[in-house]
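Heads up, the final residue of the sequence shown is numbered 128 in the numbering used here, and it's a clean run with no missing numbers. Note that the Cβ used here is the ideal one computed from N, Cα and C, for glycine as well. Only a predicted model underlies this, so the values are computations on that prediction, with no experimental measurement involved.
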Amino acid sequence: MNPFRTDRVGRLIQEKIGELIVEGKIKDPRVDSFLTITRTDVSRDLSYADVFVSSYKSEAGLAKGVEGLQSAAGFIQAQLNKTMHIRHTPRLRFHADLGVRDGFDLVQKIEGLAENIN
Numbered sequence: 011m012n013p014f015r016t017d018r019v020g021r022l023i024q025e026k027i028g029e030l031i032v033e034g035k036i037k038d039p040r041v042d043s044f045l046t047i048t049r050t051d052v053s054r055d056l057s058y059a060d061v062f063v064s065s066y067k068s069e070a071g072l073a074k075g076v077e078g079l080q081s082a083a084g085f086i087q088a089q090l091n092k093t094m095h096i097r098h099t100p101r102l103r104f105h106a107d108l109g110v111r112d113g114f115d116l117v118q119k120i121e122g123l124a125e126n127i128n
């Protein structure tokens, strides 16, 4: 499979899931608008998509959000199938992505060190 196509499908999946979250169409109470889809890795044969989710909430809140998204995966896939024009919609697997929050914490620590030096 062309790697440009898998990247394009991944970006489209990321965009559409983000829209579903922001618009509140996912009715699971564990899923809230503080969740962010950071990246999507689609398999070469388009059978699976690993969706990475981040949040500024605690790790426990992020874990609950990922569980909520995983339980709503069938609904999300159905919504993607309606809007995407591909033969088979990839099966979705959601994972917590702690990189954004870890980066934010690192910046705060560096700023704290800079204040102590001055």
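I need the boundaries of the beta strand (DSSP E) containing residue i, first residue and last residue.
i, result
"phenylalanine 62", "58 to 64"
"arginine 103", "101 to 106"
Starting from residue i, trace the alpha helix (DSSP H) in both directions and tell me its first and last residue.
i, result
"valine 19", "13 to 32"
"leucine 90", "83 to 93"
If we ignore side chains and look at the alpha-carbon of each, how far apart do residue i and residue j end up?
i, j, result
"leucine 56", "threonine 99", "8 Å"
"glutamine 24", "threonine 48", "8 Å"
"isoleucine 127", "valine 110", "26 Å"
"leucine 79", "aspartate 115", "25 Å"
"glutamine 87", "glycine 122", "44 Å"
"glutamine 89", "leucine 22", "12 Å"
"valine 117", "alanine 124", "10 Å"
"serine 43", "glutamate 69", "16 Å"
"alanine 82", "isoleucine 120", "38 Å"
If I'm right that residue i touches residue j with Cβ under 8 Å, what's the distance once you round it to whole angstroms?
i, j, result
"glycine 20", "threonine 46", "Wrong, their Cβ atoms sit about 15 Å apart, outside the cutoff."
"glycine 75", "arginine 40", "6 Å"
"tyrosine 58", "arginine 97", "Not a contact, Cβ separation roughly 15 Å."
"lysine 26", "threonine 93", "6 Å"
"glycine 71", "serine 65", "6 Å"
"valine 52", "threonine 16", "5 Å"
Can you pull the DSSP bridge partners for residue i?
i, result
"aspartate 115", "Looking at the DSSP assignment, aspartate 115 forms no beta bridge with any residue, so it has no partner."
"threonine 50", "Val61"
**Prompt:** Touching or not, the segment 105 to 119 and the segment 24 to 39, by the rule of three or more beta carbon pairs under 8 Å?
**Reply:** no
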